[in-house]
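Heads up: the structure comes next, in structure tokens.
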Amino acid sequence: MNAEAGNDALDNLLTEERTFPPPPELVAQANVTEDTYAQAAADDEAFWAEQAKRLSWAKEPTEVVDWSNAPFAKWYADGELNAAYNCVDRHVEAGNGDRVAFHFEGEPGDQRDITYAQLKDEVSQAANALIELGVQAGDRVAIYLPMIPEAVVAMLACARIGAPHTVVFGGFSADALAARINDCGCEVVITADGGYRRGKPAALKPAVDKALESTPGVRSVIVIRRTGEETPMTEGRDVWWDDIVGRQSTEHTPQAFPAEHPLYVMYTSGSTGKPKGILHTTGGYLVGTAYTHWATFDLKPESDVFWTAADIGWVTGHSYLVYGPLANGATSVMYEGTPDTPHQGRWWEIIDKYGVTILYCAPTAIRTFMKWGHEIPEKYDLSSLRVLGSVGEPINPEAYVWYRHYIGGDRTPVADTWWQTETGMHMISPMPGVADGKPGAAMRAVPGISVEVVNDEGQPVGNGKGGYLVVTKPWPAMLRTLWNEDERYVETYWSRFPGMYFAGDGAKRDDDGDIWLLGRVDDVMNVSGHRMSTTEIESALVSHPKVAEAAVVGATDETTGQAIVAFVILRGEAGDGGPEIVQELRNHVAQEIGAIAKPRSIMVVAELPKTRSGKIMRRLLRDVAENREMGDVTTLQDSSVMDQIKGGMSASS
Ligand code: WT7
């Protein structure tokens with residue numbers, strides 16, 4: 001564990017003593033009360049059996065959790081259902097076909113309201129198109145799209161026919177896309193000509209064409225027309241969405257699948273180089289996301305307008321833009337672009353326009369808005385907001401208080417939700433009608449969830465102490481395994497503390513027993529709420545012919561939480577660096593992984609600090625990157641290395 005950084009964070013948090021009680025109107029009608037926690041604690045299986053009734057099952061499950069083959073869980077195993085039917089058709093059948101599922105707002109200002117009835121037609125057509133292309137239950141489909149409604153339609157069409165999707169964030173490079181397509185064995189790709197980003201069309205299809213040079217398994221590509229830009233199409237492989245989807249019937253009878261049928265694979269960075277394919281299945285995932293979307297945000301589906309301001313390419317988009325809200329029959333906002341296009345008030349304009357009642361976003365966005373100034377949101381009517389959510393990284397108390405005050409008008413509880421791609425659903429969060437909010441604290445486990453903070457021996461640390469966050473019982477939306485890597489699943493999550501899920505985060509319980517997250521304890525960085533692996537970026541750097549060795553660290557950054565800082569040793573013939581090589585390497589990382597992985601800075605050094613056993617001491621590099629007094633160097637193989645690096649730093653700056 002990065003003890004020094006952890007302690008700094010702790011000291012700040014310990015001086016934070018403000019609390020904010022929930023508003024009485026919210027308490028009076030709250031979905032979750034203190035009784036809910038008591039019921040769930042008394043019998044969590046009965047609690048999750050009860051929550052399964054939120055869904056419509058073709059065959060009701062009689063089992064809840066099967067943990068007999070731990071850590072491979074089965075939930076509701078004898079139940080059968082169709083995910084798309086649960087997210088769409090049943091709301092239409094219940095008479096809510098005219099309810100808006102999405103208020104879509106394109107970046108250039110185009111808008112489209114999509115009702116549940118329209119969504120049902122479009123999903124059915126897209127499902128029929130996939131069937132025409134020969135996609136069958138179990139086949140994998142890659143989705144590489146901007147934030148447009150067809151992304152939701154494509155995901156649900158796959159779910160409807162039992163074809164697991166793997167959505168690849170549109171900001172990932174062609175190489176990253178190809179690696180995911182190959183690992184997952186996708187045969188069909190759904191993409192678009194492009195999307196709008198910062199006021200301009202940004203092409204996507206060329207990256208697909210490049211990726212497909214090394215993905216022999218892909219036979220069809222469906223291309224959505226979004227920007228209308230000139231787009232090369234490969235005869236016999238590529239088809240326009242309008243052509244193939246447009247001519248299909250709007251009738252499609254959904255088939256029921258077993259609860260444990262795979263729903264999707266989502267790739268995420270781990271502490272080793274290769275991204276992990278997190279597998280989520282159908283029944284438990286839908287129960288977990290539907291329950292938490294309703295509970296954490298105190299959702300009233302008839303009146304709320306919910307907005308998850310996250311990309312569909314991340315798990316937040318999957319769980320709280322698509323599956324949770326749609327399973328609950330909620331109305332959501334979906335926004336394509338960046339927060340400052342065409343002006344820095346765009347988000348607040350959208351909230352004002354649609355009467356958004358619940359906003360869910362990342363602290364990095366909040367810190368950016370703080371920088372831009374509160375005068376901007378003050379120009380808009382934000383009085384519709386009643387609950388705010390935060391996700392992706394620890395929220396610092398300043399950002400929490402600013403968010404609550406300037407965006408929430410001091411009325412709104414702030415739900416700081418801790419969870420992961422792996423957990424699928426919120427795990428730790430205050431419930432808005434119950435907790436007195438503490439700025440910076442994720443507070444306590446969601447009803448029905450069991451977490452603990454333990455020491456190196458796996459023993460609970462008790463109040464007032466820090467340690468490792470673990471989950472002590474299986475939960476409905478948990479990952480089932482890593483795609484094709486059962487052993488790595490066991491090793492990564494279940495071997496550090498036998499019988500407990502090791503999350504990779506440090507945490508602390510305060511004197512009330514409430515939980516505060518302290519950041520990762522492994523080589524994983526968190527940049528703007530996105531998970532980045534130090535080793536993955538190091539491998540990208542050393543794959544460049546001029547680089548001999550690389551070390552990457554996450555340095556504290558005021559806006560993005562952490563920023564990527566790289567130290568590289570060049571090969572002899574490459575010279576001693578200079579601005580051109582730094583630029584070349586940054587671009588190389590963007591090409592290998594994606595622009596989001598570009599290091600903020602790259603330092604060319606002669607040596608890297610290593611222990612006698614050859615392990616890079618990232619802790620010391622982090623000290624340099626953060627301009628701190630250096631920690632203990634006695635375990636260094638050659639302690640003069642750090643002096644050289646620091647000397648180089650001041651020389652280069
Ligand atoms: C990691 C998971 C959860 C969806 C988006 C990120 C960090 C997430 C919080 C929070 C402190 C948080 C953790 C976690 N994290 N939420 N509320 N407070 N840290 O999903 O990419 O799978 O990353 O994000 O370090 O392990 P992810």
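Numbering of the sequence shown is given in full-length UniProt numbering, commencing with residue 1 and proceeding in unit increments. For each residue, glycine too, the CB sits at the ideal point set by N, CA and C.
Rounded straight-line distance, which links the Cα of residue j to that of residue i
i: Q591; j: W372; result: 31 Å
i: V605; j: R571; result: 11 Å
i: W57; j: A259; result: 9 Å
i: N2; j: S601; result: Interpretation of N2 is limited by its pLDDT of 41, a score under 50 that renders its predicted location unreliable; the figure taken from the coordinates is listed afterwards. Taking the straight line from one Cα to the other gives about 21 Å.
i: C158; j: Q118; result: 17 Å
i: T357; j: D110; result: 22 Å
i: A40; j: D113; result: 38 Å
i: W494; j: F72; result: 10 Å
i: D410; j: R18; result: 13 Å
i: F169; j: I312; result: 7 Å
i: E398; j: P439; result: 8 Å
i: D486; j: W475; result: 18 Å
i: S652; j: P579; result: In this prediction, S652 scores a pLDDT of 40, lower than 50, which makes its location untrustworthy; no coordinate-derived value is stated.
i: A595; j: F172; result: 7 Å
i: R180; j: Y267; result: 7 Å
i: G462; j: R509; result: 7 Å
i: D456; j: M155; result: 41 Å
i: L145; j: V401; result: 35 Å
i: residue 655; j: I428; result: Since the first residue of the chain shown is 1 and the last is 653, residue 655 is not available in this structure.
i: A211; j: V123; result: 27 Å
i: K598; j: E63; result: 47 Å
i: K300; j: A309; result: 19 Å
i: D243; j: P413; result: 47 Å
i: R444; j: P430; result: 6 Å
i: D44; j: E50; result: 10 Å
i: G6; j: D623; result: Because G6 sits at a pLDDT of 42, beneath the cut-off of 50, its placement in the model cannot be relied upon, and the point is left open.
i: V223; j: V265; result: 21 Å
i: P164; j: G464; result: 44 Å
i: D89; j: A362; result: 31 Å
i: H280; j: I645; result: 44 Å
i: E584; j: H261; result: 44 Å
i: P232; j: P206; result: 8 Å
Where the beta strand (DSSP E) through residue i begins and ends
i: R509; result: Y501 to R509
i: S601; result: S601 to V604
i: Q118; result: Not the beta strand (DSSP E): Q118 falls in the alpha helix (DSSP H), residues Y116 to E132.
i: H588; result: Per DSSP, H588 belongs to no beta strand (DSSP E); it is in the alpha helix (DSSP H), P579 to E592.
i: E537; result: Residue 537 is actually Ile in this sequence, not Glu. Run containing I537: none in the beta strand (DSSP E); it sits in the alpha helix (DSSP H), T534 to V542.
i: W516; result: I515 to R520
i: E549; result: V547 to D557
i: V527; result: V524 to V527
i: Y403; result: Careful: Y403 lies outside any beta strand (DSSP E) and carries neither H nor E.
i: E105; result: V100 to E105
i: T166; result: H165 to V167
i: I564; result: G561 to L570
i: I428; result: Unbroken run through I428: none, as it is neither H nor E.
i: V414; result: V414 to T417
i: R140; result: R140 to Y144
Which listed residue (the options) has its alpha carbon closest to that of residue i
i: T341; options: E107, G329 and P474; result: E107
i: H293; options: E45, V152, A330 and I616; result: A330
i: E302; options: L133, R586 and L326; result: L326
i: E93; options: Y116, E538 and F102; result: Y116
i: D35; options: P447, D456, S390 and N69; result: P447
i: H318; options: H343, L286 and W347; result: L286
i: T296; options: L26, P61 and R237; result: L26
i: residue 654; options: E584, R628 and D643; result: Missing from the structure shown is residue 654; the chain here goes from 1 to 653 and no further.
i: Q344; options: S332, Y354, E375 and G355; result: E375
i: M603; options: I581, I616, L517 and L130; result: I581
i: P201; options: A192, T534 and E50; result: A192
i: P216; options: G228, T33, A178 and M500; result: A178
i: G392; options: H426, S68 and L482; result: H426
Boundaries (first-last residue) of the alpha helix (DSSP H) holding residue i
i: D623; result: R618 to A625
i: D44; result: D44 to Q51
i: M155; result: P149 to I161
i: Y25; result: Note that residue 25 is Glu in the sequence shown here, rather than Tyr. Segment P24 to A28, the alpha helix (DSSP H) holding E25.
Min CB distance residue i to chain B below 9 Å
i: K353; result: No chain B is present in this structure, which holds just one protein chain.
(request) Ignoring anything shorter than 3 residues or poking outside the region 169–246, list the beta strand (DSSP E) runs there in chain order. (result) 186–192, 194–197, 200–203, 220–224 and 238–240, all fully within the region 169–246.
(message) For a minimum of 4 consecutive residues, which ranges assigned as the alpha helix (DSSP H) are wholly contained in the region 304–391?
(response) Those alpha helix (DSSP H) runs which fall completely within the region 304–391 and span 4+ residues are 324–327, 346–354 and 363–372.
(message) Please give the ranges of any alpha helix (DSSP H) in the region 448–508, keeping only runs that are unbroken, at least 4 residues long and fully inside the region.
(response) Listed in chain order, the complete alpha helix (DSSP H) runs (minimum 4 residues) inside the region 448–508 are 486–494.
(request) List in chain order: all unbroken beta strand (DSSP E) runs of 3+ residues lying wholly within the region 258–303. (result) Listed in chain order, the complete beta strand (DSSP E) runs (minimum 3 residues) inside the region 258–303 are 262–268 and 276–281.
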